[in-house]
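Notes to accompany the following structure.
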Amino acid sequence: LAGLLPAPGGAAVHSFTGVNSGSWNDAANWSGGLPVIGGELLLDSATRPATFNDIAGGFTLLGLTLGANAPAPTLTGNTLRFQGDGAYLRMLSDAGHAVVDNALALNSTLNVAGGPGGASQLFLRGNISGNCGLTAQSGFSVLSGNNSFSGATRIAAGAALGIAGNALAGTSGIEVAHGGELQFVSA
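Count the sequence shown with our numbering and you get residues 1 to 187, in order.
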């Protein structure tokens, strides 16, 4: 699980266990209690891959990892607000598609590492807003919300980003590196 260590001076990584339910607002569902604002989260429960953010007012975090042990992870609920240098959302599971139905607010550029292949893609279906952009760093990801984020959308070499509907409606520009792919898909 390289890369899950917090940045120097950062908050610890909180791991979701799902002992009681899929609720984020239940301290028993997390190792070490409820996650702290601005921290990093690992959702890696093989027995409870469907979770929901029911923390009032949304949740501000640096990073979110959908772990390799969670088959076809699904996330719903309140807004996820990404903030801080190196903000990220990544998928490690190769056991089916991951779906994030939450609205995402970009207070920093969000670095996205999608699924490893056509049978394991990361679908970001919630609306994405904010003044910052999104970088598809690797893997396969699909944006399909009615998005209004105003920063640039970048696609790195080796990454594929699918776009459906108004997914790029507010973006200030699109940059595709040599070897990156921008695909227009149906929702």
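Here a beta-carbon is modelled for each residue, glycine too, at the ideal position from N, C-alpha and C. Remember, it's a predicted structure, so these values are computed and weren't measured experimentally.
| Check | Outcome |
| --- | --- |
| Based on Cα-Cα distance, which residue from T171, A167 and G145 lies nearest to T153? | T171 |
| From T47 to T109, what distance separates their C-alpha atoms? | 32 Å |
| May I ask you to report which of helix, strand or coil DSSP gives N111? | strand |
| Just how far apart, CA to CA, sit N166 and G58? | 23 Å |
| Using beta-carbon positions only, say whether A136 and A157 come within less than 8 Å of one another. | no |
| Start and end of the beta strand (DSSP E) containing F16? | V13 to F16 |
| Mind reading off the beta-carbon distance from S138 to F123? Whole number of angstroms is fine, and I expect it under 8 Å. | With 8 Å as the limit, S138 and F123 do not qualify as a contact, their Cβ atoms being about 16 Å apart. |
| My parser needs the beta strand (DSSP E) runs of 3 or more residues fully inside the region 82–111; what are they? | 88–91, 98–100 and 104–106 |
| Could you tell me the distance, in whole angstroms, from the CA atom of P116 to the CA atom of D26? | 31 Å |
| Take G267 and list the residues in its own chain whose beta-carbon comes closer than 8 Å to its own, dropping the five residues that flank it on each side. | Look at the range of the chain in this structure, 1 to 187, and you will see that residue 267 is not part of it. |
| Look up R48 in the DSSP assignment and give the residues it is bridged to. | None, per the DSSP bridge assignment. |
| For chain B, find out if any of its Cβ atoms is closer than 8 Å to the Cβ of G170; answer yes or no. | The displayed structure is made up of one protein chain only, and chain B is not part of it. |
| Go ahead and pull the three-state DSSP assignment for N29. | helix |
| Under 6 Å Cβ to Cβ from S148, same chain only, skipping five residues before and after it: list those, please. | S129 and G170 |
| Report the residue from E40, V19 and I37 whose alpha carbon sits nearest the alpha carbon of W30. | V19 |
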